[in-house]
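>
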Amino acid sequence: MMNKARFKPLISLLLIFIAAPLLSALLTPWIYQAIQSQSPQVMEWVHTCEEAGTHTFWADIADSVFTSPFRRVNDRVVLVLILLFLPISYRLSGLRSLDSLGWPRRPDRLKLFAGALGVAMASMLAVYLLGVALGVYAWDGGSLSGAQMMAGILKILLGGLLIGVLEETLFRGVVLNALSTGLGRVAGILITSILFAIIHFIKPAEPEVLNQWYSGFLLYQQPFSGASGTVGIEMSTLLCMGLVLGSLTSWTKSVYVAIGLHTGWVWIMMLFRQLTENQQTMVWLYGTSEWISTGWVGPIMALIILAVAFATRKKWIALGEQG
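Just so you know, we're using the numbering used here here: the sequence shown kicks off at 81 and counts up by one.
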């Protein structure tokens with residue numbers, strides 16, 4: 081009985097990592113065709129809004145949805161299904177409290193989130209501003225109107241927060257807890273970090289056939305075909321960041337710090353992606369895009385943060401005991 085209880089959380093993960101992608105493969109062709117049928121009318125409204133400078137936020141969202149390729153539609157369907165399956169997976173796991181999801185009701189939860197958010201933004205901002213000083217990035221936001229700028233910033237704020245909450249609840253809440261229960265804390269943190277890194281590189285090529293019931297399954301023929309040549313560097317960055325987030329979650333017994341760090345990093349990266357352009361200098365250090373993870377500065381920064389986290393682990397463990 082004890083062994084069954086121990087491995088029930090692991091079995092429940094199959095619903096998220098197998099059932100959700102398979103069901104998405106069946107649903108995506110139908111959803112994609114429905115979107116395509118409405119795309120001309122919606123895009124006409126989008127162009128009208130862009131010319132008039134009105135409803136820019138919603139027009140931007142509509143543009144993103146109704147011009148999405150098949151693969152992007154599948155990604156979003158998978159995400160929605162994971163969110164729908166999470167409560168079911170949670171019940172099947174045998175876990176019954178918010179604590180087991182990394183959401184304990186501790187009075188300092190907002191303080192933990194805000195502090196981590198500030199640290200993440202400051203650390204990432206320092207890396208990007210250094211890039212600006214070195215001539216790696218040039219400011220490139222002059223072509224945007226005030227309304228477009230505000231809509232873009234609002235999208236970044238909402239999107240970054242959503243990414244932080246959803247990914248940390250899934251990986252450092254559900255997955256880490258399930259793996260730690262079944263395999264132990266160290267193995268749980270390591271495997272969760274590896275999964276976290278690998279999933280970010282699932283970028284399949286567009287299938288040649290888009291209107292058949294099996295079109296979604298064609299995405300799994302070459303799941304990593306869209307990965308860039310810097311996959312090793314990017315994998316190192318994500319793996320180290322995953323180890324930081326997993327360790328802090330384990331030490332503090334909550335995901336509040338992880339959500340703050342993740343959100344802050346995403347906010348700054350998305351902001352500089354919108355406002356700057358890579359000048360293709362110091363490529364070995366900063367890469368060729370506005371994402372710092374494509375150059376060696378990504379793993380270097382991640383390793384520094386990982387070292388600092390472990391050097392201060394006693395304080396984090398104490399915070400976890402206080403909660």
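Don't be surprised by glycine CBs; every beta carbon is placed ideally from N, CA and C.
Remember, it's a predicted structure, so these values are computed and weren't measured experimentally.
(1) Quick check on DSSP: helix, strand or coil for E370?
(2) To the nearest angstrom, how far is it from the Cα of W219 to the Cα of H280?
(3) Excluding sequence positions up to five away, which residues of its chain have a Cβ less than 7 Å from the Cβ of V122?
(4) Under the rule that 16 or more other beta-carbon atoms within 10 Å means buried, what is P120, buried or exposed?
(5) Please report the Cβ distance between S330 and A258, rounded to the nearest whole angstrom; I am assuming they are in contact, meaning their Cβ atoms lie under 8 Å.
(6) So, using beta-carbon positions, are E248 and I339 closer together than 8 Å?
(7) Work out the CA separation of A231 and M82 for me, nearest whole Å.
(8) CA-CA distance, W376 and I274?
(9) Return the chain-ordered list of same chain residues with a C-beta closer than 8 Å to the C-beta of V158, the five sequence neighbours on each side being excluded.
(10) What residue ranges within the segment 158–240 form continuous alpha helix (DSSP H) runs of no fewer than 4 residues, ordered along the chain?
(11) Across the segment 308–325 and the segment 203–211, are there enough close Cβ pairs to call them in contact, namely three or more that are closer than 8 Å?
(12) According to DSSP, simplified to helix, strand and coil, what is T343?
(13) Could you tell me how far apart the beta carbons of R151 and L299 are, in whole angstroms, since I believe they sit closer than 8 Å?
(14) If you drop the 5 nearest sequence neighbours on each side, which residues of the same chain put their C-beta closer than 6 Å to that of T108?
(15) Compute the Euclidean distance between the alpha carbons of T343 and T128, then round it to the nearest angstrom.
(16) Considering only C-alpha positions, which residue in the set R393, R171, M315, V216 is nearest to T361?
(17) Just how far apart, CA to CA, sit L290 and Q118?
(18) Could you please give me the residues that DSSP links to T356 through a beta bridge?
The answer reads as follows:
(1) E370: coil per DSSP, three-state reduction.
(2) CA-to-CA, the gap between W219 and H280 works out to about 28 Å.
(3) Within the same chain, and ignoring the five residues on either side of V122 in sequence, the residues whose Cβ sits closer than 7 Å to its Cβ are A142, F146.
(4) Exposed is the label assigned to P120, since fewer than 16 other Cβ atoms lie within 10 Å of its Cβ.
(5) The C-beta distance from S330 to A258 rounds to 13 Å, too long to meet the 8 Å contact threshold.
(6) Against a cut-off of 8 Å, the Cβ pair of I339 and E248 comes out as a contact.
(7) Annotation note: pLDDT 46 at M82 (below 50); position unreliable, no value reported.
(8) W376 and I274 have their C-alpha atoms some 19 Å from each other.
(9) Cβ within range, chain order: A100, P101, S104.
(10) Within the segment 158–240, the complete alpha helix (DSSP H) runs of at least 4 residues are 189–213.
(11) Result no; under three Cβ-Cβ pairs closer than 8 Å.
(12) DSSP places T343 within a helical segment (H, G or I) once states are collapsed to three.
(13) The beta-carbon separation of R151 and L299, rounded to 6 Å, stays under the 8 Å limit for a contact.
(14) Cβ within range, chain order: V153, N154, V157, G296.
(15) Cα to Cα, the separation comes out at about 33 Å.
(16) Minimum Cα distance to T361 is reached at V216.
(17) The straight-line gap from Cα to Cα measures roughly 16 Å.
(18) Beta-bridge pairing links T356 to W219.
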